[in-house]
Every structure is written in C-alpha cells, then in structure tokens.
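Residue numbers (my numbering): 773 to 1085. Inspection log for the structure reproduced underneath, given as structure tokens.
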C-alpha cells in the first residue's frame, strides 16, 4: 500500500483531542488515507474510532492501513452530514469528533477525476457517490454569468468573469472534457502578470468547481450542527480548514454557539436568561502549522485548526 497524503497538524490534533477517560469514542469525519486515524489509534490504545469518508476508493486504502487496529475501528462510506443526520439516539455518543476539510493528495495524484490541473484526466471532481452535476457538465453547459458567480463565490477569484467568458468561448470550439484542457483555458484567460504568481492561475477556479460539484459549503454547517448535538457534554470538536470560506463557517459557528445571550441585537435588554452557551472555544485563535511542518509538507501552509468543547451539563 502506497500512502501519498500526509495529514497536517497531527501533533496538535493529538494534543487537543487527548482522551479524558478510558474507552472514549472518536469519529474521524474525513478519514482519507487514515493518517489522523492511525495517529489517534496509536497514541491512545483505549479509544475506539469510527472512520467516515464519502469516497469508497480512498476508504479502502484507509481500511488496509488501519488493519492492525481491527476491533477498535469501524468504517462507514458516507458524507459526514448524512452520517450525523442519521445518527441513532440509541448509538453511543462520541467524545471527540475530527473534521479535516482538506482534499487528499490521493485525489490529486491517484483518483483520475480531474482534481489536478496538471493532469489530462476526465473533468469530474466528485468526492462521493452522489454526483448530480460534474465539473465537465458545469463548464460545458452553464451560462457565463453562472460560471462567473461560482468561480468568484467559491474560489474568490478576482478574474472570474474573464475566466467564465473564456470558458464559454473555448467550449464553442470543442467541449472541455479534461482538467488540463480547462487549466489551459484559464491560464490564457487571465492577465500575463497573473500567470506567474505563487499559485497556478487555475487553482481558485478548480477549487470553486470542486466545492460546487460536491456541495461542500452546504454540507459543513449542517454537519457541525448535528455533530454538536450528538457529542457528549465535555466532548470536543476539532476542525481543520484550508481556505477562508470554510474557515469562516467554522469560526462563526463556534462563536454563535459560545454566546450566552441569543437576544437580537435590536433588543433593548436581555430576556433570554443568558444561559444558552453550548460550547467553550478552546482555540481562541486558529492553530497554524509550525515552520518545521511547513518545510516538510508545503501543502500544510494554509491549514488552520479550531477546537471547541461542548459545555458540560
């Protein structure tokens, strides 16, 4: 088995999610190749773990990697929002929940689904088994205005309208069917000075399409809400993000759940009783990777870890 992805902030995750009692139940909501799961199971031999992933192919890689921990770990091929929405009231409640929202290196290098703009692969970009519209469907059928909105809103791309127009012009000549083909269209759509920055000029466009294809920003708040409901009092949720869109969702979710008062800002005085706090935020500022980690794994540089603890009853 060849592992191609290196999980970020591993030591920090181990520290913030250290068990407080024997036999705790952990849930890894984004197992990938199992890097965080392996670290947790190795460091804490008394815990049990549920491993989730929407991608059954990568989950099989994790199963092979985590075979030495058989009996302590179970696997579930599903999106995290579905898992928590269907979580039975009769099921054991988790003590620790981890979300690592970064896309795995496996998807770039091994999946063959068009995540990498460097590869001549079919332009699919699905992460799970419930694909409704592929990235190829979007770029070949959506009007320029809709494409521009996706690229701007989900990729925060300043040249979204230029890129969208270029896509529409290119597809009129022939369908855009591969990742490399789309990357070339984007490259030539942006100003020349923008082509030689720190990141490839297609990076934000690819991010935007992936998010749109998989509904990532819609799934996340739903999953956080439901995960917090099933978490035991005193339990912790840790979330690793890689871009400002998802980090903003997590930050605002934790802040809202930490409020004692839920009265509207327009209320002249508090009438709610000021007893509505659900979590205490453990990481007042997001935890970033160390310089040593960044030097070993450049992909970790944009990662941020936020942790909250559910208020004990």
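Glycine is no exception: its CB is placed at the ideal position from the N, C-alpha and C atoms.
- Remark: C-beta atoms of residue 920 and residue 930 do not approach each other more closely than 7 Å.
- For residue 875, there is no enclosing beta strand (DSSP E), as DSSP gives it neither H nor E.
- Per the DSSP secondary-structure output, residue 846 pairs in a beta bridge with 822.
- For the pair residue 985 and residue 897, the CB atoms are nearer than the 7 Å cut-off.
- If you draw a straight line from the Cα of residue 780 to the Cα of residue 798, it comes to about 18 Å.
- With respect to residue 987, residue 867 sits apart: the two C-beta atoms are not nearer than 7 Å.
- Residue burial is scored here from C-beta neighbours: residue 809 has at least 16 other C-beta atoms within 10 angstroms and is therefore classed as buried.
- The straight-line gap separating the alpha-carbon atoms of residue 1015 and residue 845 is approximately 30 Å.
- When the five nearest sequence neighbours on each side are left out, the beta carbons in the same chain lying within less than 8 Å of the beta carbon of residue 1018 are those of 873, 988, 989, 992, in order along the chain.
- In this structure, DSSP gives residue 871 an extended state, which the three-state scheme calls strand.
- Residue 1080 sits close to residue 1051, with the two beta carbons spaced by under 7 Å.
- Bounds of the alpha helix (DSSP H) holding residue 983 are 975-986.
- Pairing residue 847 with residue 831 gives a Cβ-Cβ distance under 7 Å.
- With the rule of 3 Cβ pairs closer than 8 Å, the stretch 850-857 does not count as touching the stretch 877-886.
- The C-alpha of residue 1077 is placed about 10 Å away from the C-alpha of residue 788.
- The shortest CA-to-CA distance from residue 970 to any of 1074, 1026, 818, 824 is the one to 1074.
- The three-state secondary structure of residue 925, taken from DSSP, is helix.
- Residue 941 sits in a helix when the DSSP states are folded into three classes.
- The Cβ neighbour count for residue 1056, taken over all protein chains shown within 10 Å, is under 16; the residue is labelled exposed.
- When 783, 819, 794 are compared, the shortest CA-CA separation from residue 807 is found for 783.
- Residue 850 and residue 823 have their C-alpha atoms spaced approximately 10 Å apart.
- Taking C-beta atoms as the reference points, residue 1034 and residue 1048 count as a pair closer than 7 Å.
- In this chain, the beta strand (DSSP E) harbouring residue 798 covers 797-800.
- DSSP, read as helix, strand or coil, puts residue 1047 in coil.
- The C-beta distance from residue 826 to residue 901 rounds to 7 Å, short enough to meet the 8 Å contact threshold.
- Distance between residue 939 and residue 819, taken at the CA atoms: about 50 Å.
- Residue 859 sits close to residue 1002, with the two beta carbons spaced by under 7 Å.
- Nearest to residue 802 by C-alpha distance, out of 927, 998, 899, is 899.
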